[in-house]
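Undergrad: Numbering (our numbering), first residue to last: 46 to 184. Before anything else, here's the structure in question.
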């Protein structure tokens, strides 16, 4: 089994690419070769997989979470929207500052890994203020 990090995945098209940990060219990933739910695939996710020669190059098969990733995987606390009637605004869960900051940090690290710590702190602080103004974050 090879180990690598998902570089990108397009859920609409059902494919993406994995960067092998040992280096070399990215490996094609198709939704039909997943042994885990498609919804769990995101950029930065560490996976184990078999490498095959496909029609157009290297292809991943039998893709699953690494043991370490599986142990640390916890369902993300996505805000749940509650429907209300009479034309009122829908309500959603409010996150604590710590939860929101953690989610923003993970998103920044997986989306733009070349950001510096100083850049992450600056962006994160602005997102927290934005979240507080919109009622998504509470102290």
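All C-beta atoms in this analysis are idealised placements derived from N, C-alpha and C, irrespective of residue type, glycine included. Since the structure is predicted, the reported quantities are computational estimates derived from the model, not experimental observations.
1) How far does the alpha helix (DSSP H) with residue 178 in it reach, from first residue to last?
2) Go ahead and pull the three-state DSSP assignment for residue 71.
3) Ordered along the chain, which non-local residues of its own chain (more than five positions away) have a Cβ less than 7 Å from that of residue 173?
4) Closest to residue 58 by CA distance: which of 77, 69, 116 is it?
5) Pick helix, strand or coil for residue 112, following the three-state DSSP scheme.
6) Please classify residue 66 as buried or exposed, where buried requires at least 16 other C-beta atoms within 10 Å of its C-beta.
7) Would you kindly report the start and end of the unbroken alpha helix (DSSP H) that includes residue 97?
8) Look at residue 88 and residue 48 and say whether their C-beta atoms are less than 7 Å apart.
9) Whose CA, out of 107, 177, 155, 104, lies closest to the CA of residue 139?
10) Which one or two residues does DSSP pair with residue 65 in a beta bridge?
11) Name, in chain order, the residues that DSSP records as bridge partners for residue 102.
12) To the nearest angstrom, how far is it from the Cα of residue 63 to the Cα of residue 117?
TA: The answer reads as follows:
1) 162–178
2) coil
3) 142, 145, 146, 182
4) 77
5) helix
6) exposed
7) Counting along the chain, residue 97 falls outside any alpha helix (DSSP H), though it belongs to the beta strand (DSSP E) covering 91–99.
8) no
9) 177
10) 49
11) 99
12) 20 Å
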